[in-house]
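The C-terminal residue of the first sequence carries number 1395 in my numbering, and the numbering is unbroken.
Cβ coordinates follow ideal geometry from the N, Cα and C atoms, glycine included.
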Amino acid sequence: MQIATWNVNSIRSRLDQAIAWLQSRPYIDILCLQETKVSDADFPLTAFTELGHFVYIYGQKSYNGVALIARQELTSIRTGFSSLLTDVAPELESQKRLISGVIADVRVINIYVPNGSAIASEKYEYKLKWLALLKSYLQEALKQEKNILICGDINIALEDIDIHDPSDRATKVMASDIERAALQEILDLGFKDVFRKFQSDDGYYSWWDYRAGSFRRNHGWRIDHHYLTADLYDRALSCEIDISPRKNPQPSDHTPVIVEL
DNA sequence: ATGGCTTCAGAATGAAGA
């Protein structure tokens, strides 16, 4: 089984690239998309369904938005925190950042974690609240299902080796101690970063800023992840960052990450 | 570098991303 995650930075702008990439990767069972940036009514469904894929979407106009593109029909689709939690604050439910479904014996939870803008900003506080709520959500999910795969644009680099230049990382969003601690609390529920099962070196990234020739110079960050519960982690056969789509004309600033179970 | 690009929405001396 292969699961991929890719922040496409607008599915309508990246539609041809997403289709071409899926066609070049016929064994991907689920492609988890983030930042689709489109309302459900305007999602380009037919491009995928014509290829025989099943499409599950949870989007909004302009910002955010997540989707599952699956080779087989998925079961038990859930969207938003309210699918498992009660009394979710409206501001944490209104941004469409979470969709999940079940394939075989695995629940795949696709998330787009808020960026946070800048440390101590209102958006940073929102990110921390969102992560705390995600922890509660995952505690509920783990009561029901043992095998869970979380993937997506996590917008946090947990280790210095995940950043091309960590020298001032403590002052930057995505690598501050508080964000790392919030993510570590989630991992401590029983999840492991499967990329590090296979690769312990630095220099492997999933996002490069559009500006300043960052990709050409490999000035990137590893912020797109697959986090697996114990049995899935043991079962994992590979985890690959495919940098080829980042080389396309008019690329997303993120590139896909694929795990094989 | 207070920014370098890119997207969306809608007409900004913009907002947001990361």
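In the three-state scheme derived from DSSP, where H, G and I count as helix and E and B as strand, Gln1384 is classed as coil. Fully contained in the stretch 1189–1241 are the following alpha helix (DSSP H) runs of length 4 or more, in chain order: 1224–1227. Between Lys1230 and the set Asp1239, Asn1244 and Asp1221, the nearest pair of CA atoms involves Asn1244. Less than 8 Å divides the Cβ of Arg1380 from the Cβ of Trp1342. Excluding sequence positions up to five before and after Val1222, its CB lies within less than 6 Å of the CB of Phe1215 and Ser1216, all in the same chain and listed in chain order.
Contact annotation: the stretch 1262–1276 touches the stretch 1308–1321, with at least three C-beta pairs closer than 8 Å.
Met1308 is positioned such that its CB atom lies closer than 8 Å to that of Ile1290. Here Ser1386 has Val1142, Asn1143 and Arg1148 as same chain residues with Cβ atoms under 6 Å from its own Cβ, once five neighbours each way along the sequence are excluded. Each of Ala1201, Leu1226, Arg1330 and Ser1372 was checked against the Cα of Glu1293, and the nearest Cα belongs to Arg1330.
For the 8 Å CB-CB criterion, His1360 and Thr1139 form a contact.
Straight-line spacing of the CA atoms in Thr1220 and Asn1382 works out to 43 Å. Counting along the chain, the unbroken alpha helix (DSSP H) around Ser1158 starts and ends at Leu1149 to Ser1158. Between the alpha carbons of Val1200 and Tyr1190 lies a distance of about 9 Å. Ranking Val1242, Leu1232, Gly1250 and Ala1254 by CA distance to the CA of Leu1268 puts Leu1232 first. Burial is judged here by how many other beta carbons sit within 10 angstroms of a residue's own beta carbon; Lys1277 has fewer than 16 and is exposed.
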